[in-house]
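Comments concern the structure below.
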Amino acid sequence: MAIKQSKSRKAFVVINYFLLGLLAIICIFPFIHLLAVSLSGDEFTSAGLVSIFPRGFTFDAYKILATKPEFFKAFGISVARTVLGTALALLVIILTAYPLSKSNKILKGRTAIAWIFVFTMFFGGGLASQYILYLNLGLIDNFLVYILPGACDVWFVLMLMNYFRGIPKEIEEAALIDGCNHFQILFRIFVPISVPVIVTIVLFTAVGHWNSWFDGIFFMSDTTLYPLQSYLYTMIESSDPSKLASNGTLTPEQIESLKNLGSKNLQAAQIFLGMLPITLVYPFLQKYFIKGIT
């Protein structure tokens, strides 16, 4: 038998759905607008006539991007740094959080070690000292500068540490009695139990790597080693479609199509392609993400 809802409850549900729907539209509108701009002609985008539907529909911007090897190289660098950086960060965070989740009786000086990690969250040496350090370590103009410095995020270490501390100690004690060592306990018991928070860490870390642009601009003098976001930053700052015709990779038809394109069209197409991969991955991780945040 269905429970009859009161008028106030029905009103709440209607208003709730309306507000959530409106918020969803507000969030997705910039993506739709970006796609529409990338598929529109320059005369419409320059005049500000494009909203959510393309005007002067054309795929020329994407056809031109398909001939730009530097775009796909930057895309590949971003994919590599995201995959390798996330994998390394996850391993380091897990191996750091597990011992810190133990008591001082098991890990001598555990409290002092934890406070050393916390200290780094609030105090840093500054950008100049960071650059000098990377220079002495040989990380300048080195792909590893994208991966190694951020491999141990203290916030994620503390989050995973507290999650590990919430796991019943009886499980660990039973495993020790069965002859398991700490590595077996960690990777066979703790990690499978902690899937929601681990997926959350993976998602945040991957998004951070994918969206990072500053390290490429500041620590790379060789523009061929730029990740995608650094490359897009330079293109947005100084984008001139006419320069593409001088690289010798365009056909006469594509050179002719440049006349119908402006900087906004190419910028929109590059930004849309740049955000598409991480946007497609998120829905598959959403359920774990919500549990992990909770």
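Those letters in the sequence shown? Residues 51 to 344, per my numbering, in order.
Think of the CB as a built atom: it goes at the ideal place given N, C-alpha and C, for glycine as much as any other residue.
Owing to the predicted nature of the structure, the values given are computational and were not obtained by experimental measurement.
Mind checking Q55: buried by the 16 CB within 10 Å criterion, or exposed? Here the question's residue 55 lines up with position 5 in the sequence shown. Classification of Q55: exposed, given that the 10 Å Cβ count is below 16.
Cα-Cα separation, K152 to F233: On the sequence shown, position 102 is the one that residue 152 refers to. On the sequence shown, position 183 is the one that residue 233 refers to. For K152 and F233, the distance between alpha carbons rounds to 14 angstroms.
By Cβ distance, which residues of its chain are closer than 8 angstroms to V168, with the 5 residues on each side in sequence left out? Looking up residue 168 in the sequence shown gives position 118. So the qualifying residues of the chain are V204 and L208.
Residue range of the alpha helix (DSSP H) that includes D191: The residue labelled residue 191 in the question sits at position 141 within the sequence shown. Looking at the DSSP string, D191 is not in any alpha helix (DSSP H), and its letter there is neither H nor E.
Specify, as a first and last residue, the run of the alpha helix (DSSP H) that V133 falls within. The count along the sequence shown starts at 1 and reaches residue 133 at position 83. First-last of the alpha helix (DSSP H) with V133: P119 to L150.
Report back the beta-carbon spacing between I217 and F240 to the nearest angstrom; my notes put them in contact at under 8 angstroms. Against the sequence shown, residue 217 aligns to sequence position 167. Against the sequence shown, residue 240 aligns to sequence position 190. About 6 angstroms separates the two Cβ atoms, so the contact holds.
Beta carbon of I235, beta carbon of E222: below 8 angstroms? Translated into positions along the sequence shown, residue 235 becomes position 185. Translated into positions along the sequence shown, residue 222 becomes position 172. Result yes, Cβ atoms of I235 and E222 sit closer than 8 angstroms.
Chain-order list of residues whose beta-carbon lies under 7 angstroms from that of I345 (same chain, five-residue window excluded): In the structure as shown, the chain starts at 51 and stops at 344, and residue 345 therefore has no counterpart that could be examined.
Rounded distance between the beta-carbons of I197 and V257, thought under 8 angstroms: Residue mapping note: residue 257 aligns to position 207 of the sequence shown, counting from 1. Residue mapping note: residue 197 aligns to position 147 of the sequence shown, counting from 1. Between I197 and V257 the Cβ distance is about 16 angstroms, and since that is not below 8 angstroms, they are no contact.
Would the stretch 313-320 and the stretch 79-88 be scored as touching if the rule is three or more Cβ pairs under 8 angstroms? yes
Under 8 angstroms, with one C-beta from each stretch per pair, do the stretch 266-273 and the stretch 151-166 reach the 3-pair mark? no
Would you call the CB atoms of L275 and G324 closer than 8 angstroms? Start at 1 with the first residue of the sequence shown, and residue 275 comes out as number 225. Start at 1 with the first residue of the sequence shown, and residue 324 comes out as number 274. Not a contact, by the Cβ cut-off of 8 angstroms.
Assuming the contact rule is C-beta atoms closer than 8 angstroms, A201 and V142 should be a hit. Round their C-beta distance to whole Å, please. The sequence position of residue 201 within the sequence shown is 151, counting from 1. The sequence position of residue 142 within the sequence shown is 92, counting from 1. Contact holds; Cβ gap of about 5 angstroms.
Whose C-alpha, out of Y213, V247 and F103, is nearest the C-alpha of P149? The count along the sequence shown starts at 1 and reaches residue 149 at position 99. The shortest C-alpha separation from P149 is found at Y213.
Of the residues F79, I321 and S58, which one's Cα is nearest the Cα of S101? As a working note, residue 101 is residue 51 in the sequence shown. Ranking F79, I321 and S58 by Cα distance to S101 puts F79 first.
Between the CA atoms of H83 and F107 - distance to the nearest angstrom: Here the question's residue 107 lines up with position 57 in the sequence shown. Here the question's residue 83 lines up with position 33 in the sequence shown. One C-alpha to the other measures close to 14 angstroms.
So, under 8 angstroms CB-CB, P277 and R131 are touching, yes? Tell me the CB distance rounded to an integer number of Å. On the sequence shown, position 227 is the one that residue 277 refers to. On the sequence shown, position 81 is the one that residue 131 refers to. Right, the Cβ-Cβ distance comes to about 6 angstroms (below 8 angstroms), so this counts as a contact.
Return the chain-ordered list of same chain residues with a C-beta closer than 8 angstroms to the C-beta of L330, the five sequence neighbours on each side being excluded. Numbered from its first residue, the sequence shown carries residue 330 at position 280. Counting only Cβ-Cβ distances below 8 angstroms, and skipping sequence neighbours, we find nothing.
Under 8 angstroms between C-beta atoms of T33 and H259: Residue coverage of the chain in this structure runs from 51 to 344, which leaves residue 33 outside it and unanswerable.
Within 10 angstroms of its Cβ, does I144 collect 16 or more other Cβ (buried), or is it exposed? Against the sequence shown, residue 144 aligns to sequence position 94. That one is buried.
So which of M285, S96, G98 and G71 has the shortest CA-CA distance to E120? Working through the sequence shown from its first residue, we reach residue 120 at position 70. Considering only alpha carbons, the answer is M285.
Determine the burial state of I227: buried for a count of at least 16 other Cβ atoms within 10 Å of its Cβ, exposed for fewer. Counted from its first residue, the sequence shown places residue 227 at position 177. When all chains shown are included, I227 counts as exposed.
Extent of the continuous alpha helix (DSSP H) run through S58: As a first step, residue 58 is located in the sequence shown; it is residue number 8 there, counting from the start. First-last of the alpha helix (DSSP H) with S58: K57 to S88.
Extent of the continuous alpha helix (DSSP H) to which R16 belongs: There is simply no residue 16 to check, as the chain begins at 51 and stops at 344 in what is shown.
Sorted by chain position, which residues of the same chain lie with C-beta nearer than 6 angstroms to T255's C-beta, five sequence neighbours on each side aside? As a working note, residue 255 is residue 205 in the sequence shown. Answer for T255: T136 and A139, listed in chain order.
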